[in-house]
Amino acid sequence: MNIQNLAYALDQSIHNLGAVMVTGGSILALVDLEKRKRLAWITLSGWALQGATGALFGILSYSFYGHLPDIAGIAVDALVIKMICAVSGFFIAAYCLKGARAESVVFWRMEAFLALVAIISAAFLRWYS
Ligand code: HEM
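Shown next, in the form of structure tokens:
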């Protein structure tokens, strides 16, 4: 079994689950008012997971090949957008949980927007790299 492929596949699996947590969590919170607090924790954890597994892609590339993935143009733009979404999504979720504002519809609309922008950017990163 090729260890590189296995490492990438495992990282990608967790990264995909994180994408489900942030998109699913934020969209579900817009329709299920009762579970918003729990969904806020799921969404917060999802953003953290995306940051960690996204960084791990770079670490794997560096340790196996001695350099970061060779991407340019639209792929870089898409990656930067994803990183901005992950950082801002994480801090918005953390702020709302800390300030007990998980009930705020505005907060959940922002989270769902960031999650959708990130998942669309992932497609551009994939096909322009
Ligand atoms: C710090 C933030 C992030 C980093 C550094 C990052 C990095 C990456 C990298 C390097 C890939 C592999 C691209 C390839 O070669 O095919 C990837 C794939 C992917 N990412 Fe992220 N990502 C981040 C955040 C996110 C977020 C917030 C989402 C969704 C909400 C997301 C969803 C995806 C999906 C669905 C794929 C698979 C795309 C495909 O193969 O079709 N990522 N990400």
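The end of the sequence shown is residue 159 by our numbering, with every number in the run present. All residues carry an ideal CB built from backbone N, CA and C; glycine is no exception.
Mapping the DSSP letters down to three states, classify residue i as helix, strand or coil.
i, result
"aspartate 41", "helix"
"alanine 132", "coil"
"glycine 55", "helix"
"alanine 102", "coil"
"asparagine 32", "coil"
"serine 159", "coil"
"aspartate 62", "coil"
"glycine 96", "coil"
Any heavy atom of ligand 1 closer than 7 Å to the Cβ of residue i?
i, result
"asparagine 35", "no"
"leucine 109", "yes"
"glycine 96", "no"
"glycine 84", "yes"
"valine 106", "no"
"serine 159", "yes"
"alanine 153", "yes"
"valine 136", "no"
"threonine 53", "yes"
"arginine 156", "yes"
"isoleucine 149", "yes"
"alanine 140", "The sequence given here has methionine at residue 140, not alanine. Every heavy atom of ligand 1 is 7 Å or more from the Cβ of methionine 140, so no."
"phenylalanine 121", "no"
"cysteine 115", "yes"
Do the region 40-60 and the region 68-77 make contact, defined as three or more Cβ pairs closer than 8 Å? Taking 8 Å as the limit for Cβ pairs, the verdict is that the region 68-77 does touch the region 40-60.
Determine, using beta-carbon pairs with one atom in the region 77-96 and one in the region 111-131, whether at least three such pairs fall under 8 Å. Because the criterion of three Cβ pairs below 8 Å is met, the region 77-96 and the region 111-131 touch.
Three Cβ pairs or more, each shorter than 8 Å: is that satisfied between the region 60-68 and the region 119-136? Touching, yes.
Using 8 Å as the cut-off, can you tell me whether the region 32-46 makes contact with the region 85-92, which would need three or more C-beta pairs spanning the two stretches below that distance? A contact is defined here as three or more CB-CB pairs under 8 Å, and the region 32-46 meets this definition with respect to the region 85-92.
The region 144-157 / the region 99-109 touching (three or more Cβ pairs under 8 Å): Using a C-beta cut-off of 8 Å, the region 144-157 makes contact with the region 99-109, since at least three inter-stretch Cβ pairs fall below that distance.
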